[in-house]
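Undergrad: Pasting a structure below so you can have a look.
There are 2 protein chains.
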Amino acid sequence: MGITDPTRPGGRPNPLAKLEVERTPWLQQAEASDVVVSSRVRLARNLAGFRFVNRAEHDDRTAVLELLRDRLDRAELTPGVPAQWLDIHTLDRLDRDLLVERHLISPQHARGMNSGSARTDPRAVVVSLPDEGVSVMVNEEDHLRLQSLRPGLALERALTDVDSVDDGIEQSVDYAYSARFGYLTACPTNVGTGIRFSVMLHLPALRMLGEVEKVKRAAGDMSLAVRGFWGEGSEAEGDFYQLSNQTTLGRTERVMLDGLQRTIVPRVIDFERRARERLLSQRRLLLEDTVYRSLGILQQARRMTTGEAMQRLSELRLGGTLGLIRTPLLETVSQLLMLIHPAHLQRVTGRSLAQDERRAERASILRARLADVSVAP
Amino acid sequence: MGITDPTRPGGRPNPLAKLEVERTPWLQQAEASDVVVSSRVRLARNLAGFRFVNRAEHDDRTAVLELLRDRLDRAELTPGVPAQWLDIHTLDRLDRDLLVERHLISPQHARGMNSGSARTDPRAVVVSLPDEGVSVMVNEEDHLRLQSLRPGLALERALTDVDSVDDGIEQSVDYAYSARFGYLTACPTNVGTGIRFSVMLHLPALRMLGEVEKVKRAAGDMSLAVRGFWGEGSEAEGDFYQLSNQTTLGRTERVMLDGLQRTIVPRVIDFERRARERLLSQRRLLLEDTVYRSLGILQQARRMTTGEAMQRLSELRLGGTLGLIRTPLLETVSQLLMLIHPAHLQRVTGRSLAQDERRAERASILRARLADVSVAP
Numbered sequence: 001m002g003i004t005d006p007t008r009p010g011g012r013p014n015p016l017a018k019l020e021v022e023r024t025p026w027l028q029q030a031e032a033s034d035v036v037v038s039s040r041v042r043l044a045r046n047l048a049g050f051r052f053v054n055r056a057e058h059d060d061r062t063a064v065l066e067l068l069r070d071r072l073d074r075a076e077l078t079p080g081v082p083a084q085w086l087d088i089h090t091l092d093r094l095d096r097d098l099l100v101e102r103h104l105i106s107p108q109h110a111r112g113m114n115s116g117s118a119r120t121d122p123r124a125v126v127v128s129l130p131d132e133g134v135s136v137m138v139n140e141e142d143h144l145r146l147q148s149l150r151p152g153l154a155l156e157r158a159l160t161d162v163d164s165v166d167d168g169i170e171q172s173v174d175y176a177y178s179a180r181f182g183y184l185t186a187c188p189t190n191v192g193t194g195i196r197f198s199v200m201l202h203l204p205a206l207r208m209l210g211e212v213e214k215v216k217r218a219a220g221d222m223s224l225a226v227r228g229f230w231g232e233g234s235e236a237e238g239d240f241y242q243l244s245n246q247t248t249l250g251r252t253e254r255v256m257l258d259g260l261q262r263t264i265v266p267r268v269i270d271f272e273r274r275a276r277e278r279l280l281s282q283r284r285l286l287l288e289d290t291v292y293r294s295l296g297i298l299q300q301a302r303r304m305t306t307g308e309a310m311q312r313l314s315e316l317r318l319g320g321t322l323g324l325i326r327t328p329l330l331e332t333v334s335q336l337l338m339l340i341h342p343a344h345l346q347r348v349t350g351r352s353l354a355q356d357e358r359r360a361e362r363a364s365i366l367r368a369r370l371a372d373v374s375v376a377p
Numbered sequence: 378m379g380i381t382d383p384t385r386p387g388g389r390p391n392p393l394a395k396l397e398v399e400r401t402p403w404l405q406q407a408e409a410s411d412v413v414v415s416s417r418v419r420l421a422r423n424l425a426g427f428r429f430v431n432r433a434e435h436d437d438r439t440a441v442l443e444l445l446r447d448r449l450d451r452a453e454l455t456p457g458v459p460a461q462w463l464d465i466h467t468l469d470r471l472d473r474d475l476l477v478e479r480h481l482i483s484p485q486h487a488r489g490m491n492s493g494s495a496r497t498d499p500r501a502v503v504v505s506l507p508d509e510g511v512s513v514m515v516n517e518e519d520h521l522r523l524q525s526l527r528p529g530l531a532l533e534r535a536l537t538d539v540d541s542v543d544d545g546i547e548q549s550v551d552y553a554y555s556a557r558f559g560y561l562t563a564c565p566t567n568v569g570t571g572i573r574f575s576v577m578l579h580l581p582a583l584r585m586l587g588e589v590e591k592v593k594r595a596a597g598d599m600s601l602a603v604r605g606f607w608g609e610g611s612e613a614e615g616d617f618y619q620l621s622n623q624t625t626l627g628r629t630e631r632v633m634l635d636g637l638q639r640t641i642v643p644r645v646i647d648f649e650r651r652a653r654e655r656l657l658s659q660r661r662l663l664l665e666d667t668v669y670r671s672l673g674i675l676q677q678a679r680r681m682t683t684g685e686a687m688q689r690l691s692e693l694r695l696g697g698t699l700g701l702i703r704t705p706l707l708e709t710v711s712q713l714l715m716l717i718h719p720a721h722l723q724r725v726t727g728r729s730l731a732q733d734e735r736r737a738e739r740a741s742i743l744r745a746r747l748a749d750v751s752v753a754p
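First to last, the protein sequences are chains Z and H.
So for the first sequence, the numbering used here puts the first residue at 1; every next one is plus one.
So for the second sequence, the numbering used here puts the first residue at 378; every next one is plus one.
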């Protein structure tokens with residue numbers, strides 16, 4: 001089917017040829033990555049003199065797209081690496097899904113938020129490949145959505161990176177800005193700094209002990225949102241939760257960053273780690289049963305849904321961090337957390353797969369890559 | 378705790394010392410045992426001149442018990458093997474449960490059907506150990522319940538065995554018999570020959586394909602009952618179903634036996650075997666996924682309920698009969714189907730176990746005994 005080919009049928013180049021599906025930079029091991037999978041900073045920006053995307057006609061959106069294409073094509077989002085401009089409306093469904101699975105674009109951006117047609121709504125993403133550290137969505141909810149995504153607890157680093165790209169862009173375009181309110185955005189919750197910090201947390205022990213609700217309530221009390229693996233509107237999958245600030249107006253980036261990076265996230269990390277300790281010391285049989293059953297199933301199942309695979313890998317990841325599984329394991333599990341998703345599966349196998357085939361292929365990849373994993377002595 | 382000791386605390390001998398829990402004669406491989414686990418023939422008999430058990434006072438039941446003790450103690454239920462007389466009301470709870478698990482007595486007989494007290498209701502079982510082929514319950518629903526239990530499809534053999542014991546007993550006691558009705562029994566459904574034939578069927582493929590209800594309906598149309606692993610009032614566990622005749626009056630033993638052994642049971646066997654063929658040819662992925670998941674879980678779980686263990690072993694047994702699992706497996710699985718039950722677990726481990734401990738011990742025994750089992754090449 002040519003999914004992995006450098007060229008597509010008709011001689012068109014494969015726009016995602018440089019994407020390294022076998023390695024996901026933001027899923028590597030890093031600081032506190034036993035609990036914090038990744039850190040993300042996102043900035044919402046709009047161009048002065050153009051309507052917001054949700055109020056714009058098709059022609060307006062095309063004008064924004066072309067202006068930004070002119071300024072951002074081959075921008076160095078990662079120093080020294082010219083970025084690639086990808087017109088989302090010209091991509092195949094599978095390529096769009098692949099970008100969603102890698103968290104490079106939102107599910108809304110893949111679908112097309114405005115005209116209702118994925119193939120006509122003029123929109124893009126700019127990304128440095130294979131680095132993927134910083135990316136810019138064009139004509140999503142705002143004209144520009146800048147994102148930096150880093151492994152582990154690294155909000156400072158992510159902020160530095162995205163700020164630097166933001167400064168670069170601001171030299172070539174005129175942002176919609178109010179001296180009173182700050183950056184103007186399509187949704188009022190983003191007005192001000194236009195910033196959103198978020199961390200992807202892995203909380204299997206708290207879930208097993210029924211204490212995730214406590215985290216959610218505490219987060220709510222601090223105006224933080226807890227979302228699922230795919231962000232806004234998604235359910236938690238495999239015990240992965242996104243924690244992020246809800247509002248931006250009237251608070252400086254620095255205050256928000258400090259609150260999250262130095263106080264709130266470390267508190268959640270501590271809470272989860274204590275839960276893991278409690279499982280080890282007081283509920284060891286429950287813990288081992290959960291982890292080793294997942295191992296047995298991952299090594300033997302012949303078909304598996306994405307949701308089940310996420311849950312089994314989550315439990316295996318927990319076992320890995322607690323020494324119940326012979327290492328090295330975490331890199332493999334991290335990579336599998338990406339590969340089990342439909343577009344990745346099809347890219348890796350190099351062919352288009354129906355749902356039943358995907359379930360069989362998913363189980364097959366899991367068996368092959370986890371065949372050597374064994375119970376810790 | 379002395380469960381396995383030849384003597385109990387206080388120097389009492391262990392009444393079940395001769396019971397071989399590691400080997401269950403009626404679970405061995407035999408004819409058609411891919412589908413028919415075992416065959417059972419049961420005769421209901423009562424003594425002339427004594428009230429039926431459900432109408433009898435305690436003293437009446439004691440009188441029956443003592444009369445039969447005199448006649449049956451050391452009777453050769455298996456030629457050449459003197460039987461053992463076991464007073465159920467003097468046994469420990471665990472010993473009673475062990476006899477139930479081996480299908481040597483009914484759950485009702487273990488509890489005591491009449492006086493409401495397991496420790497006072499005068500009743501017994503007579504059994505040749507370690508053979509276990511024929512056993513006689515005394516003061517269950519009838520004064521005598523003779524049972525022959527054989528592996529595989531062997532109703533003829535079971536009938537021959539139980540008839541021979543019946544003839545032997547009839548030489549020393551006077552059965553309640555009416556020239557018009559035949560043998561008289563406490564429940565009208567048993568009047569006549571007093572016979573019940575039953576086969577324990579393993580129907581995992583029909584269950585996976587949702588066709589067990591068809592078997593139940595067809596059985597109902599032929600006045601046959603479909604019950605669970607533990608007989609009357611029990612649910613199917615691990616896809617094991619007991620098929621038996623419901624009434625006895627007005628039909629000869631031979632007609633009933635021929636109907637079951639030559640027509641009905643072979644038809645169910647064929648139905649299940651065709652379902653297995655269909656799984657192999659049309660639903661192979663479902664089949665392999667089910668069988669191998671069960672293998673993975675049995676080899677890795679750290680705690681397991683009896684119900685889950687029955688289900689997993691059932692699926693592994695199916696895989697074994699279809700060549701999906703490297704043989705030899707069926708003997709091991711058959712034995713485990715017995716060992717996973719609470720009283721057996723406690724007898725094998727030699728100590729009294731609370732529910733949580735049993736679940737851990739069950740998983741541990743399953744892991745140990747199935748460690749070498751692997752997917753067929």
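We put the CB at the ideal spot given by N, CA and C, even for glycine.
1) What is the DSSP secondary structure of Val504(H), reduced to helix, strand or coil?
2) Can at least three beta-carbon pairs, one atom from the stretch 340-352 of chain Z and one from the stretch 294-312 of chain Z, be found at a separation below 8 angstroms?
3) So that I know if they touch, is there some Cβ in chain Z lying closer than 8 angstroms to that of Ile717(H)?
4) To the nearest angstrom, how far is it from the Cα of Gln406(H) to the Cα of Leu580(H)?
5) Starting from Pro643(H), follow the alpha helix (DSSP H) in both directions and report where the run begins and ends.
6) Would a C-beta distance cut-off of 8 angstroms place Ile269(Z) and Val35(Z) closer than the cut-off?
7) Specify the secondary structure class of Leu580(H) as computed by DSSP and reduced to three states.
8) My output table needs one value for Ala225(Z): the three-state DSSP class, helix, strand or coil.
9) Output yes if chain H places a C-beta closer than 8 angstroms to the C-beta of Asp372(Z); else output no.
10) List the residues of chain H that Gln299(Z) touches, going by C-beta distances under 7 angstroms, in chain order.
11) Note the first and the last residue of the continuous alpha helix (DSSP H) segment covering Asp464(H).
12) Between the beta-carbon of Arg820(H) and the beta-carbon of Leu743(H), is there less than 8 angstroms?
13) Go through its chain and collect everything with a Cβ distance to Met687(H)'s Cβ below 8 angstroms, but skip five positions before and after it.
14) Quick one: grab the DSSP three-state call for Gln346(Z).
15) State the Cα-Cα distance for the pair Gly2(Z) and Val291(Z), rounded to the nearest angstrom.
16) Look at Met514(H) and His480(H) and say whether their C-beta atoms are less than 8 angstroms apart.
17) Quick one, are the C-beta atoms of Val37(Z) and Leu206(Z) less than 8 angstroms apart?
18) Would DSSP call Ala44(Z) helix, strand or coil?
19) Tell me the DSSP bridge mates of Asn245(Z)?
20) Which residues, taken in chain order from the stretch 280-292 of chain Z, show a beta carbon closer than 7 angstroms to some beta carbon of chain H?
21) Enumerated in chain order, which unbroken segments of the alpha helix (DSSP H) with a length of 4 residues or greater are wholly contained in the stretch 103-191 of chain Z?
22) Residues of chain Z with CB closer than 8 angstroms to the CB of Ala737(H), please, in chain order.
23) Out of Val642(H), Thr698(H) and Ile641(H), which one is the CA nearest neighbour of Leu664(H)?
24) Does the pairing of the stretch 492-509 of chain H with the stretch 462-476 of chain H give three or more beta-carbon distances under 8 angstroms?
25) Using beta carbons (cut-off 8 angstroms, strictly below), is Arg303(Z) in contact with chain H?
26) How many angstroms separate the CA atom of Ser600(H) from the CA atom of Val576(H)?
27) Going by alpha carbons, who is nearest to Pro377(Z) out of Gly323(Z), Thr349(Z) and Val215(Z)?
28) With burial defined as no fewer than 16 other Cβ atoms inside 10 Å of the residue's Cβ, what is the status of Pro79(Z): buried or exposed?
29) Quick check: is the beta carbon of Leu393(H) nearer than 8 angstroms to any beta carbon in chain C?
30) Tell me which same chain residues have a C-beta within less than 7 angstroms of the C-beta of Glu272(Z), skipping the five on either side of it?
31) Compare the beta carbon distance of Leu43(Z) and Ile195(Z) with 8 angstroms and say whether it is the shorter of the two.
32) Do the CB positions of Leu370(Z) and Gln299(Z) come within less than 8 angstroms of each other?
33) Nearest to Met113(Z) by CA position, among Asn139(Z), Asp95(Z), Ser314(Z) and Pro130(Z), is which residue?
34) How long is the line joining the alpha carbons of Pro525(H) and Ala535(H), rounded to whole angstroms?
35) State the CB to CB distance for the pair Val21(Z) and Glu141(Z), rounded to an integer number of angstroms; the pair is presumed to be in contact (CB under 8 angstroms).
36) Considering only C-alpha positions, which residue in the set Gly319(Z), Arg362(Z), Leu313(Z) and Leu67(Z) is nearest to His143(Z)?
TA: The structure says:
1) strand
2) yes
3) no
4) 16 angstroms
5) Val642 to Gln659
6) yes
7) coil
8) strand
9) no
10) Gly673
11) First-last for Asp464(H): Gln461 to Asp464, but that is the beta strand (DSSP E), not the alpha helix (DSSP H).
12) Since the first and last residues shown for chain H are 378 and 754, residue 820(H) lies out of range.
13) Phe606, Glu614, Gly615, Phe617, Leu714 and Ile717
14) helix
15) Because Gly2(Z) carries a pLDDT of 46, less than 50, the predicted location of this residue cannot be relied on, and the following value inherits that uncertainty. When rounded, the distance between both Cα atoms is 38 angstroms.
16) no
17) no
18) strand
19) Leu224(Z)
20) Leu285, Glu288, Asp289 and Tyr292
21) 107-111 and 155-170
22) Leu285
23) Thr698(H)
24) yes
25) yes
26) 15 angstroms
27) Gly323(Z)
28) exposed
29) The chain inventory of the structure shown lacks chain C, comprising the protein chains Z and H.
30) Val35, Leu203, Ala205 and Leu206
31) yes
32) yes
33) Asn139(Z)
34) Going by the sequence as given, residue 525(H) is Ser instead of Pro. Between Ser525(H) and Ala535(H), the C-alpha separation is close to 5 angstroms.
35) With 8 angstroms as the limit, Val21(Z) and Glu141(Z) do not qualify as a contact, their Cβ atoms being about 27 angstroms apart.
36) Leu67(Z)
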